[in-house]
Amino acid sequence: MSASAAPAGWPDGVGRVILDEAPSTMAEAAARAGEAPGPLWIMARRQTAGRGRRGRAWADPPGNLAATLLTPAPETERAALMSFVAALALFDACAEVTGRPEAFALKWPNDVLLHGGKLAGILLETVAPAHLAIGIGVNLRHAPEPATLDPGAVAPVSLAEGLGAEVGPEAFLTPLARAFEARARSFATYGFAPIRTAWLDRAARKGETVTARTGSHEVTGRFETLDDAGRLILATPAGRQAIAAAEVFFAGGEAHAARG
């Protein structure tokens, strides 16, 4: 383990811990919640038991980013909106390290796509005492094998494969931390409105037909917008419907997302 000196460009007042190995950075964040007074980024060069949303395994070969931000939790109604803050920060970091913002898009509510393939995912969990853990995985060098994914999941892609960009996890962590700090400061100062606008400007398949599926219900409609609670608004034959949590599938190319 190392709590090394922060590199150039690292945001002031934000902690940084680099682990050679950990079961998961989310588990490490939960273990440290009682001792972290302010924001703390935890990165592992190797995870042995990484996981994604709904308990799914998260493949994490060496060279990819596995990191969690442990931060004091905002009030309950704002905590879930932090997934949009994190997604925008990820987009910003990807654009910065590649110089290719047009190659990336955001999938509701918090996946980052590269040329339509899944590049990154985000997992939010509340941890005691009153902290929020924001887990982030980015396929920098390797993408999971398609056979390891759930049926219908969007095809994964890596930054190296998709753009030929060779970026190491520690090098990526600094622009990510800096971008998150800027987006979080905007959220704290101005609320969700500018975050919502920025997210919609980068949204994948906006204006197109998507299908939102829960365990027992399915809604198909045109992806119209987000409301001020971050819900997906679909225009359907039965009228506009607000989707708070679902598996989302794209017409002509399915993809998966769930509210964190």
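Read in order, the letters of the sequence shown are residues 1212 to 1471 in my numbering. Ideal Cβ positions, reconstructed from N, Cα and C, are used throughout, including at glycine.
CB of residue i within 8 angstroms of CB of residue j, strictly
{"i": "residue 1294", "j": "residue 1275", "result": "no"}
{"i": "residue 1252", "j": "residue 1225", "result": "yes"}
{"i": "residue 1234", "j": "residue 1258", "result": "yes"}
{"i": "residue 1475", "j": "residue 1415", "result": "With the chain represented from 1212 up to 1471, any question about residue 1475 goes unanswered, as that position is not in the structure."}
{"i": "residue 1304", "j": "residue 1386", "result": "yes"}
{"i": "residue 1407", "j": "residue 1457", "result": "no"}
{"i": "residue 1222", "j": "residue 1388", "result": "yes"}
{"i": "residue 1429", "j": "residue 1229", "result": "no"}
{"i": "residue 1445", "j": "residue 1319", "result": "no"}
{"i": "residue 1347", "j": "residue 1301", "result": "yes"}
{"i": "residue 1277", "j": "residue 1236", "result": "yes"}
{"i": "residue 1376", "j": "residue 1308", "result": "yes"}
{"i": "residue 1292", "j": "residue 1403", "result": "yes"}
Three-state secondary structure assigned by DSSP to residue i
{"i": "residue 1252", "result": "strand"}
{"i": "residue 1430", "result": "strand"}
{"i": "residue 1273", "result": "coil"}
{"i": "residue 1385", "result": "helix"}
{"i": "residue 1296", "result": "helix"}
{"i": "residue 1464", "result": "Confidence is the limiting factor: at residue 1464 the pLDDT is only 48, short of 50, which leaves the residue's position unreliable, though a coordinate-based value still follows. Of the three classes helix, strand and coil, the one that applies to residue 1464 here is coil, per DSSP."}
{"i": "residue 1225", "result": "coil"}
{"i": "residue 1213", "result": "Bear in mind that the predicted position of residue 1213 carries a pLDDT of just 49, short of 50, making it unreliable; the figure below should be weighed with that in mind. Three-state DSSP puts residue 1213 in a strand."}
{"i": "residue 1266", "result": "Caution applies to residue 1266, whose pLDDT of 49 falls short of 50 and renders its modelled position unreliable; the value that the coordinates give is listed next. It is helical."}
{"i": "residue 1435", "result": "strand"}
{"i": "residue 1375", "result": "coil"}
{"i": "residue 1289", "result": "helix"}
{"i": "residue 1233", "result": "strand"}
{"i": "residue 1453", "result": "strand"}
{"i": "residue 1306", "result": "helix"}
{"i": "residue 1399", "result": "helix"}
{"i": "residue 1393", "result": "helix"}
Nearest candidate by alpha-carbon position, reference residue i, set the options
{"i": "residue 1254", "options": "1447, 1352, 1414, 1279", "result": "1279"}
{"i": "residue 1431", "options": "1461, 1388, 1372", "result": "1461"}
{"i": "residue 1436", "options": "1410, 1428, 1424", "result": "1410"}
{"i": "residue 1412", "options": "1299, 1326, 1247", "result": "1299"}
{"i": "residue 1217", "options": "1238, 1384, 1335", "result": "1384"}
{"i": "residue 1241", "options": "1281, 1307, 1333, 1428", "result": "1281"}
{"i": "residue 1313", "options": "1336, 1291, 1374", "result": "1374"}
{"i": "residue 1354", "options": "1232, 1441, 1329, 1417", "result": "1329"}
{"i": "residue 1306", "options": "1288, 1292, 1427, 1326", "result": "1326"}
{"i": "residue 1315", "options": "1440, 1246, 1369", "result": "1369"}
Identified DSSP bridge partners for residue i
{"i": "residue 1283", "result": "1342"}
{"i": "residue 1329", "result": "1324, 1367"}
{"i": "residue 1257", "result": "Its beta-bridge partners do not exist; DSSP assigns none."}
{"i": "residue 1315", "result": "1325"}
{"i": "residue 1334", "result": "1346"}
{"i": "residue 1278", "result": "1254, 1347"}
Element boundaries [beta strand (DSSP E), containing residue i]
{"i": "residue 1458", "result": "1458 to 1461"}
{"i": "residue 1443", "result": "1443 to 1447"}
{"i": "residue 1424", "result": "1420 to 1424"}
{"i": "residue 1351", "result": "Taken as a continuous stretch (DSSP letters only), residue 1351 belongs to no beta strand (DSSP E), as it is neither H nor E."}
{"i": "residue 1220", "result": "Counting along the chain, residue 1220 falls outside any beta strand (DSSP E), and DSSP gives it neither H nor E."}
Opening and closing residue of the alpha helix (DSSP H) in which residue i lies
{"i": "residue 1236", "result": "1236 to 1243"}
{"i": "residue 1411", "result": "1403 to 1412"}
Residue i: CB within 7 angstroms of a non-hydrogen atom of the ligand NAD
{"i": "residue 1372", "result": "Questions concerning the ligand NAD fall outside what the structure shown contains, since it holds no ligand whatsoever."}
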